[in-house]
Amino acid sequence: MNTKTTVITRSQLDGQFAYCDKIAALWQFEGRTPTAYVETYGCQQNEADSEKIRGYLTQCGYTIQQTAEHADVVVMNTCAIREHAEQRVFGNLGALTHTKRRHPDQKIFLCGCMAGETKVSDRIKKSYPYVDGVFSTHHLWQFPEILFNVLTRKKRQFYVADEPGSIAEGIPQVRDSRLKAWVSIMYGCNNFCTYCIVPYVRGRERSRQPEDILRECRELIESGVKDITLLGQNVNSYGKDLENGMDFADLLAAIAEIPGEFRLRFMTSHPRDASTKLFDTMAKYDKIAKQLHLPFQSGSSRVLKAMNRHYDREKYLDAVNYAKSVMPDLVLTSDVIVGFPGETEAEFEETISLIQEVHYDSLFTFIFSPRTGTPAASMEDPTPKEEKNRRFDKLCATQNAISEQIHGNYIGKTLRCLVDGKDKELLTARTEGGRLVRFAGCDSLIGTFQDLTITGSTTWSLTGTL
Ligand code: SAH
Ligand code: SF4
Ligand code: F3S
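If you read the sequence shown in my numbering, its first letter stands for residue 8, the second for the next number, and so on.
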């Protein structure tokens, strides 16, 4: 397979914009404004992709709505990370037969990570005839062309060829929030952790040019965005494929130097190449949030090796301890998998002890889910499901107690928070570490930074006063 990144040229993108114009003209001829609904599953990378899909749809003349009912176009942007995620998509796709029956001209598309799996596109071809188009993440930049073909050729479109991946600059975006923004700095993944499907469906690692990223961040800050999250499956690999010598820490520093009041975050950082330089850079700049999502996956070095993670328990703890030493108020979160094939009770207990040693603010916990085509899917897995569930429950209980304790320690502290919205009667705000705080205040505070004194806490959130 060709592994070279394809850069989509300006003229290729102009070709797509020409399709947008043609689609808009079709609807003008019909004499009405069409509507579209985009449903997003999975991680922030999919959220960011959905903003581009909405951007294209808007350019084609569609109004974005919040339900599939009566929408002229429905796009399901899917996630393949675990079996459960896929089952949900197939369930919801089934339900669309009814909305399509009520609105027969509705065009239904499936895209995102599931569309990168041959077994999924084959199943859609065979058993879901009312799905009009399927396109993998590599073909997102061609969405106007796919939509146009569906609208004019009355024929189903499958853009699912396996490719190493492309970079397209200049796709329009309709962002969800005016205060917070996702900025993808790179796409794909080269790590091939043995349990994970992402490298197969999102292709090889490729970094955007720093000038393009800086320009996007500058424009966001000038437009009033106060919280930017840089996205990549492994942001620490940023720049390895560019020939300008810039690494992720350099990029972070360059963005943090942009004038204006804003916070900068990033995810996800792979422990394999989390460097002291990165942590020193985080510590140096006030604008870089002291928040780190550093997935460890398992506390056992044997399991980490079987997962192909390229670090062991000691190396992970060294990285965390260094980060804490230069950022004493660091908010740490992580991902962990229980029940990896062959994980023993003693190895699971190493995960518990690591959690207790590190003291995470919160954890994303998962039970191993075999993914077709990954090495772990064919590893021997003798542990029964009930035992895995028991481990999972113990893991959650251990972490909940820690989260409660950490949240309790916030009480009495005064923290600078970005007021980002409203939930019923109360305003909502985010601490530098990304914790949710609810407090009473006037709506005009939304979009500003405020000092909040924390007065109460639960496992999941905090309450405070101005
Ligand atoms: N690139 C990120 C992770 C992206 S996927 C990283 O390397 O840290 C998000 C999380 O889903 C992973 O960290 C892992 O904990 C979980 N995950 C991935 N594949 C899984 C599988 N097959 N079964 C269970 N959990 C899985
Ligand atoms: Fe998956 Fe590993 Fe890549 Fe993360 S680093 S996306 S877990 S293969
Ligand atoms: Fe899911 Fe794809 Fe993200 S598999 S977790 S949406 S990269």
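Each residue gets a CB set at the ideal place from its N, CA and C atoms; glycine is no exception.
Q: Count the other CB atoms, across all protein chains shown, that sit within 10 Å of the CB of THR472; report buried if there are 16 or more and exposed otherwise.
A: Within the sequence shown, numbered from 1, the residue matching residue 472 stands at position 465. Classification for THR472: exposed.
**Q.** Simplified DSSP assignment, three categories, for LYS429
**A.** In the sequence shown, the residue the question calls residue 429 occupies position 422. LYS429: strand per DSSP, three-state reduction.
Q: Please confirm if the segment 37 to 55 is in contact with the segment 12 to 26, defined as three or more CB-CB distances below 8 Å between the two stretches.
A: no
Q.
Let me make sure I understand the geometry here. Which of SER410, GLY306, GLN216, VAL345 has the alpha-carbon closest to that of SER360?
A. The count along the sequence shown starts at 1 and reaches residue 360 at position 353. Nearest of SER410, GLY306, GLN216, VAL345 to SER360, Cα basis: GLY306.
Q.
On a Cα-Cα basis, can you pick out the residue from LYS291, THR288, LEU301, ASP293 that is closest to ARG279?
A. Locating residue 279 in the sequence shown gives position 272, where the first residue counts as 1. Here the closest residue by C-alpha is LEU301.
**Q.** Per DSSP, the bridge partner or partners of ILE295
**A.** Locating residue 295 in the sequence shown gives position 288, where the first residue counts as 1. ILE295 is bridged to LEU271.
(Q) Let me confirm a value: PRO348 is counted as buried when at least 16 other C-beta atoms fall within 10 Å, else exposed. Which label applies? (A) Numbered from its first residue, the sequence shown carries residue 348 at position 341. Buried.
(Q) Looking at ligand 2, does it come within less than 8 Å of GLN180, judged from the CB to the closest heavy atom? (A) As a working mapping, residue 180 is identified with position 173 in the sequence shown. It does not: the Cβ of GLN180 is nowhere closer than 8 Å to a heavy atom of ligand 2.
(Q) Please report the distance separating the alpha-carbon of GLU411 from that of ILE461. (A) As a position in the sequence shown, residue 411 is number 404, starting the count at 1. As a position in the sequence shown, residue 461 is number 454, starting the count at 1. Between the alpha carbons of GLU411 and ILE461 lies a gap of roughly 14 Å.
Q. Chain D beta carbons: is any one of them nearer than 9 Å to that of ARG398?
A. Included in the structure is just one protein chain, with no chain D present.
Q: Flag ILE344 as yes when its Cβ comes closer than 8 Å to any non-hydrogen atom of ligand 5, and as no otherwise.
A: Inclusion of ligand 5 in the displayed structure is not the case, the ligand content consisting of ligand 1, ligand 2 and ligand 3 alone.
Q.
Quick check on DSSP: helix, strand or coil for PHE347?
A. For the purposes of this step, residue 347 is identified with residue 340 of the sequence shown, where counting begins at 1. Coil.
Q. Quick one: Cα of LEU103 to Cα of ILE71, how far?
A. Locating residue 103 in the sequence shown gives position 96, where the first residue counts as 1. Locating residue 71 in the sequence shown gives position 64, where the first residue counts as 1. Their backbone Cα atoms lie some 17 Å apart in a straight line.
Q. When DSSP builds the beta bridges, which residues end up paired with GLN304?
A. Residue mapping note: residue 304 aligns to position 297 of the sequence shown, counting from 1. In the DSSP output, where bridge partners are listed per residue, GLN304 has VAL343.
Q.
Tell me which residues share the same chain as ASP219 and place their Cβ nearer than 7 Å to its Cβ, disregarding the 5 neighbours each side in the sequence.
A. Your numbering for residue 219 matches position 212 in the sequence shown. Around ASP219: GLU176.
(Q) Could you check whether ALA313 and ALA383 sit closer than 9 Å to each other, using their CB atoms as the reference points? (A) Counting from one through the sequence shown, the residue named residue 383 turns up at place 376. Counting from one through the sequence shown, the residue named residue 313 turns up at place 306. Cβ atoms of ALA383 and ALA313: closer than 9 Å.
Q. Apart from the five residues just before and just after LYS233, which ones in its own chain have a Cβ nearer than 6 Å to its Cβ?
A. Within the sequence shown, residue 233 is the residue found at index 226, counting from 1. Once the five neighbours on either side are set aside, the close Cβ partners of LYS233 are LEU186, PHE269, LEU425.
Q) Which class does GLY239 belong to by DSSP, given the choice of helix, strand or coil? A) Within the sequence shown, numbered from 1, the residue matching residue 239 stands at position 232. It is coil, neither helix nor strand.
(Q) Report the CB separation of VAL343 from THR358 in whole angstroms; it is logged as a contact under 8 Å. (A) For the purposes of this step, residue 343 is taken as residue 336 along the sequence shown, with counting starting at 1. For the purposes of this step, residue 358 is taken as residue 351 along the sequence shown, with counting starting at 1. Going by Cβ atoms, the distance from VAL343 to THR358 rounds to 6 Å, so yes, they are a contact pair.
Q) In angstroms, rounded to a whole number, what distance separates the CA positions of THR455 and ALA263? A) On the sequence shown, position 448 is the one that residue 455 refers to. On the sequence shown, position 256 is the one that residue 263 refers to. Approximately 19 Å, taken between the alpha carbons.
Q.
Within 8 Å, do at least three Cβ pairs link the segment 151 to 162 to the segment 394 to 408?
A. Because the criterion of three Cβ pairs below 8 Å is not met, the segment 394 to 408 and the segment 151 to 162 do not touch.
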